[in-house]
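J.: Quick note on numbering: the sequence shown equals residues 525 to 669 in the numbering used here. Got a structure here, written out as structure tokens. Questions coming.
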Amino acid sequence: AVVSTQSTGASTLHEVSGEITSRDILLVGLKNALKMACENNVDILTIPLFLTNELDGSMDQAWCMRRAEVVLKCVKGFMIEVGSTGSTTSRTFQFIMPKRTPEGVFHAVSSLIPSIFRVPCPMVLDQGSRKKTMTVEELYINDPK
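See the structure below:
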């Protein structure tokens, strides 16, 4: 999958399935979207966790884990930055994965959330019809590792 982006008037192509860093144009775009949402009082924002709507053959579990970690840390960094300005407005971020995400990838990536964010309240993990509310402690107890 390839995303076309505008950068200083010139069109560039970005390989979505490639590795990304904190300075990647995809994350710059995500940070800009988060900033605009905050400035316009958007309280609930849904973010595609892999920054793509589908997985292809090259996007294995290791790729999904790296991509999710970078995206989650980007959002966390934004939250810290906004919090340091004195803002006390609560925001809800919903992270979604492509429909055909394998169950093992879903559970592995879900385990990243409490390791990156401090989660004081229950989380709702939903893979299709299997919706379950879990506390952080249950995530660690039920972790299939």
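All C-beta atoms in this analysis are idealised placements derived from N, C-alpha and C, irrespective of residue type, glycine included. Just so you know, these numbers come straight off a predicted model, no measurement behind them.
Bridge partners of Q618, per DSSP?
T.: For Q618, which the question treats as bridged, DSSP gives the partners T570.
J.: Would you tell me roughly how many angstroms separate the C-alpha atoms of L550 and L575, rounded to the nearest one?
T.: Distance between the alpha carbons of L550 and L575: 8 Å.
J.: Under the three-state reduction of DSSP, which class applies to P668: helix, strand or coil?
T.: The pLDDT assigned to P668 is 48, lower than 50, so where the model puts this residue is not dependable; a value taken from the coordinates is nonetheless given after this. In this structure, P668 counts as coil in the three-state DSSP scheme.
J.: List the endpoints of the continuous alpha helix (DSSP H) containing E543.
T.: Looking at the DSSP string, E543 is not in any alpha helix (DSSP H), and its letter there is neither H nor E.
J.: For L575, name the three-state secondary structure that DSSP assigns.
T.: In this structure, L575 counts as coil in the three-state DSSP scheme.
J.: Taking the beta carbon of R591 as the centre, do at least 16 other beta carbons fall within 10 Å, making it buried, or is it exposed?
T.: Buried, since its Cβ has 16 or more Cβ neighbours within 10 Å.
J.: So, are the CB atoms of I640 and K597 less than 8 Å apart?
T.: Yes. Within cutoff.
J.: Look at T625 and L554 and say whether their C-beta atoms are less than 8 Å apart.
T.: No, the Cβ-Cβ distance between T625 and L554 is not below 8 Å.
J.: Determine the contact status of L558 and F619, defining contact as a CB-CB distance below 8 Å.
T.: No. Outside cutoff.
J.: Determine the DSSP secondary structure at R590, reduced to helix, strand or coil.
T.: The answer is helix: DSSP assigns R590 an H, G or I state.
J.: Start and end of the alpha helix (DSSP H) containing M560?
T.: Taken as a continuous stretch (DSSP letters only), the alpha helix (DSSP H) holding M560 covers 549-563.
J.: Roughly how many angstroms lie between the CA atoms of G581 and T545, to the nearest whole one?
T.: C-alpha separation (whole angstroms): 21 Å.
J.: Output the boundary residues of the alpha helix (DSSP H) element that contains F641.
T.: Here F641 belongs to no alpha helix (DSSP H), and DSSP marks it neither H nor E.
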